[in-house]
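Novice: Residue numbers (the UniProt record's numbering), protein chains in the order written: chain R, 1 to 253; chain X, 1 to 475; chain E, 1 to 218.
#1: Below 8 Å between beta carbons is the criterion; list the residues of the UniProt domain "4Fe-4S ferredoxin-type" (302-331) of chain X that meet it against any residue of chain R, in chain order.
#2: For residue 474 (chain X), which residues in chain R fall below 8 Å Cβ to Cβ?
#3: Would a check of beta-carbon distances place residue 146 (chain E) closer than 7 Å to chain X?
#4: I'd like the ranges of any alpha helix (DSSP H) spanning at least 4 consecutive residues and lying wholly in the UniProt domain "Cysteine-rich" (14-96) of chain R.
#5: Does any residue of chain E bring its CB to less than 7 Å from the CB of residue 1 (chain X)?
#6: What residues in its chain sit with their C-beta under 8 Å from that of residue 183 (chain X), if we drop five residues either side in the sequence?
#7: For residue 110 (chain E), I'd like the list of residues in its chain whose CB is within less than 8 Å of its CB, leaving aside the five on either flank, ordered along the chain.
#8: Output, in chain order, the set of chain E residues within a Cβ distance shorter than 7 Å of residue 191 (chain X).
#9: The beta strand (DSSP E) that contains residue 121 (chain R), what's its start and end?
#10: Given 8 Å as the limit, is there contact between the stretch 345-362 of chain X and the stretch 395-405 of chain X, that is, 3 or more CB pairs closer than that?
#11: For chain X, check one thing: does any of its Cβ atoms lie closer than 7 Å to the Cβ of residue 118 (chain R)?
#12: Between residue 153 (chain R) and chain X, is there a C-beta pair that is closer than 7 Å?
#13: So is residue 150 (chain X) in contact with chain R if we call contact Cβ pairs under 7 Å?
#14: Hey, could you find the ends of the alpha helix (DSSP H) residue 300 (chain X) is sitting in?
#15: Should residue 174 (chain R) be labelled buried (16 or more other beta-carbon atoms within 10 Å of its own) or exposed?
#16: DSSP beta-bridge partners for residue 185 (chain E)?
#17: Please list, in chain order, all residues of the same chain as residue 326 (chain X) whose beta carbon is under 7 Å from its beta carbon, the five residues on each side excluded.
#18: Please identify, using Cβ separations under 7 Å, the residues of the stretch 75-104 of chain X that lie next to chain E, in order along the chain.
#19: Taking 7 Å as the threshold (beta carbon to beta carbon), is residue 222 (chain X) in contact with chain E?
#20: In the DSSP output, what is residue 54 (chain E) paired with across the bridge?
#21: CB residue 418 (chain X) to CB residue 425 (chain X), shorter than 7 Å?
#22: So if I threshold CB-CB distances at 9 Å, which residues from the stretch 182-204 of chain R count as touching chain X?
#23: Could you work out which residue in R:37, R:19 and R:66 is closest to residue 51 (chain R) when comparing CA atoms only?
#24: Put residue 9 (chain X) into one of helix, strand or coil per three-state DSSP.
#25: Are residue 229 (chain X) and residue 274 (chain X) closer than 7 Å when you measure CB to CB?
#26: Which residues of chain X have a Cβ atom closer than 7 Å to the Cβ of residue 63 (chain R), listed in chain order?
#27: Using a Cβ-Cβ distance under 7 Å, would residue 223 (chain E) count as near chain X?
#28: Based on the DSSP output, what are the partners of residue 126 (chain E) in its beta bridges?
#29: Can the beta-carbon of residue 387 (chain X) be found closer than 7 Å to that of residue 61 (chain R)?
#30: Does the distance between the C-beta of residue 244 (chain X) and the nearest non-hydrogen atom of the ligand PLP fall short of 6 Å?
#31: Where are the alpha helix (DSSP H) runs, 4 residues long or more, that stay fully inside the stretch 118-204 of chain R, in chain order?
#32: According to DSSP, is residue 476 (chain X) part of a helix, a strand, or is it coil?
#33: Would you mind working out which of E:139, E:106 and E:80 sits nearest residue 126 (chain E), comparing C-alpha positions?
#34: Which two residues bound the contiguous alpha helix (DSSP H) that contains residue 108 (chain X)?
#35: Pop quiz: residue 129 (chain X) and residue 99 (chain X) are said to be a contact at Cβ under 8 Å. What is the actual Cβ separation, rounded to whole angstroms?
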């Protein structure tokens, strides 16, 4: 899949697609993303009719339901052609790559593709379109990073995330063994194949523990909910943090 | 045959509990992943090779009937006898017929996944014919009466101690050893005697070149050359997707097959067979048969998405990179083709009723698609298998489409659609979850989730609310 | 029965064509680098040595002396070869006397020779060329030099003329006009027989030759 996106220049306004999971369970991470964009001098528009990218149904074999929900999003973001910034590599990948696939044989295909080309992952957009600079005001800390599979393989957003973390002078980033490997979330996979998912997240936690980091950062709340929930269940004292929330705290001291 | 009932959940439980098995897989596959990168260090060059390899296979599929006709014509001109089999049962009967016409009772086999698909060994043994695997890995597991657990390294699930035990228990006069060199020497001595005395040799085919009627086989051990050279009769079996148009298609395909399969630049042998022994030649089989098997493949060709399954060159690299395969190993899939390629190939061959469950065993992490040398969109086809399994629209084409359709899931996803399509309903549901989400009964999906995790938490105020309260522009 | 199977298979294949988009991605974008003669020899040697082949680059006149030396070290008892190979005469005149193996020409059909062949120590063959990119020998067996010479004996010695080494497989296929000349059996050989089927541990000589020795003749 293509990772070379054309980034808009002189961005004045962006749309923000918060994702269903952030909306329900991680709204502070979503707000941190909005704050980072506004700090970069960009006006943020958050359409209230937005909900979910449709990936749960799409990945579970319910294509028509996914298409209906996708259409609702396309409509909600249709009043202007501003970039659409998403605090999740997975949801961004869905809207960027899979929307055109879902509508490949429909009359609206070309409109869908235009929509898709406006979709960016938050960290990638901050780094590559807005060229943000951050000054770290926090205490020295050791963290590790987990890329969601889709942030890495569909949105190519890993390097940008690490570059942003790299700007924080008091933050030491320790890379995790098998960074390329899935944490075992996979949406409905985690409940359709709970034993395999459990084995995957258990191994991921061992690799996280081995870094000695006090926090695990990611740009995707699905992975954080999986890894964080499993670490809490096991009593592993490593904090799961969304990248945006982490950066916002560091630069505000 | 091939579609025995699969209890995938039981298989997974058993595999995950076997610590030795998991350690064997993890160590071997991590090594293979590293070797692949080492032999394809330049990403840009690797992508150009993938462009060429994908193009060669898609071109061949786009003109498959013509190429198969040309292959048949060329082979026949060269003196190779071509047979067609719609089903594995037909292919088995053809091979039995060849064996009987030569009063042959000993078959020496090189590695062939199609022959596994046919369950050929079992079939021939039931007709009094010894079918002996000669690839070292296949030999080991045949001695232990097991199927392969990997399509390239069939005994990857065994460590040296386990192999030593299998040899000591099954080969006459062989004491236990766990020294790899000694184990190899035992196999060499045993099998060279079998090559010398075999009546018929069987092989698979990696690429069949239509232009020249040439069967191309790659291998490292030399057992494939033995099977195709020493016995007086050679039988090659192939799926009908193995044909490529011309010799010039081979260089990128060979390079990527080898690099992806074992992390080598090239295999020890590339064995190109174009005819049986000619007048004046002193060795090689006097008779060569090529059995071309369909077994559901021509049906895959008819669908633009599903046909891409047929691009597969059986390198096994999707297995090596799959986080699910790495943990449960090959046997849990209960099918000839395990791992990501198995999740899309097996349900299409055996049907969704029996094997549709395999498509649920993927987190759709895309690792397979990222490494596939011929760029098969495996995650997309896994999704397709899931969609076909429910077949909500009633337009499915895969065998057993709609087999998993049920009222409960249909209603759940209909409810999901309404919740996320209608903003007012969405606001209501999210606010209810914020208020009462922590009081959900711990049953069903939530119970599966909380077996190793704490329950998800729901914020008292949604992002929608927070954004509104902070005055974020909303249109 | 199988002719009707054929008809049914082809009926499905032909029917499938009409339902499928004709899109085929472009190929022909990858090419391994082209090398000059010294680079070809050097790369071939390097690649072959990586997979534990033994490679000696030497003037053509010196190959038989080198062979005597190699056979002596290995205490080879028997050596098989093609009687009418280009080096056959030289072999017969140089490989004789104390400490040298008995020469056994591959002069009969395999059916008669097979049992003896499986006990022979060394097989020596000519080659049609080499391929530098992968460290590969091109061997097209002939009535004079049959297929099993390079497979069954414990050691395979190959004579490779330096000016027949190609840069790439694609180049070799083009220049040798493979498409018009495919022999009964065309082999690419890139090392001794090997396996890693037990714990991914590399071991040599599992079925075929335990050693491959290449004499590159300049």
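Built from N, CA and C at the ideal position, the CB exists for glycine as well.
Specialist: On the basis of the supplied data:
#1: 323, 324, 327 and 328
#2: 45, 46, 47 and 48
#3: yes
#4: The UniProt domain "Cysteine-rich" (14-96) of chain R is shown to contain whole alpha helix (DSSP H) runs of 4 or more residues at 20-25, 27-39, 55-60, 63-76 and 89-93, in chain order.
#5: With a pLDDT of 37 at residue 1 (chain X), under the threshold of 50, the modelled position of this residue cannot be trusted; read the value that follows with caution. No, residue 1 (chain X) lies away from the interface with chain E (no Cβ there is under 7 Å from its Cβ).
#6: 160, 163, 164, 167 and 177
#7: 117, 146 and 148
#8: 207
#9: 119-121
#10: yes
#11: no
#12: yes
#13: With 7 Å as the cut-off, residue 150 (chain X) does not count as an interface residue toward chain R.
#14: Segment 297-301, the alpha helix (DSSP H) holding residue 300 (chain X).
#15: exposed
#16: X:273
#17: 25, 26 and 29
#18: 83, 84, 85, 86, 90 and 94
#19: yes
#20: E:213
#21: yes
#22: 182, 183, 184, 185, 186, 187, 188, 189, 190, 191, 192, 193, 194, 195, 196, 197, 198, 199, 200, 201, 202 and 203
#23: R:19
#24: Residue 9 (chain X): helix per DSSP, three-state reduction.
#25: Not closer than 7 Å, so no.
#26: 387
#27: Outside the shown range of chain E, which is 1 to 218, sits residue 223 (chain E), and nothing can be said about it.
#28: E:159
#29: Yes, the Cβ-Cβ distance between residue 387 (chain X) and residue 61 (chain R) is below 7 Å.
#30: Ligands displayed in this structure: none; no statement on the ligand PLP is therefore possible.
#31: Those alpha helix (DSSP H) runs which fall completely within the stretch 118-204 of chain R and span 4+ residues are 122-128, 149-153, 158-166 and 189-192.
#32: Any question about residue 476 (chain X) goes unanswered here, given that chain X covers just 1 to 475.
#33: E:139
#34: Where residue 108 (chain X) is concerned, there is no enclosing alpha helix (DSSP H), although the beta strand (DSSP E) it sits in stretches over 106-109.
#35: 6 Å
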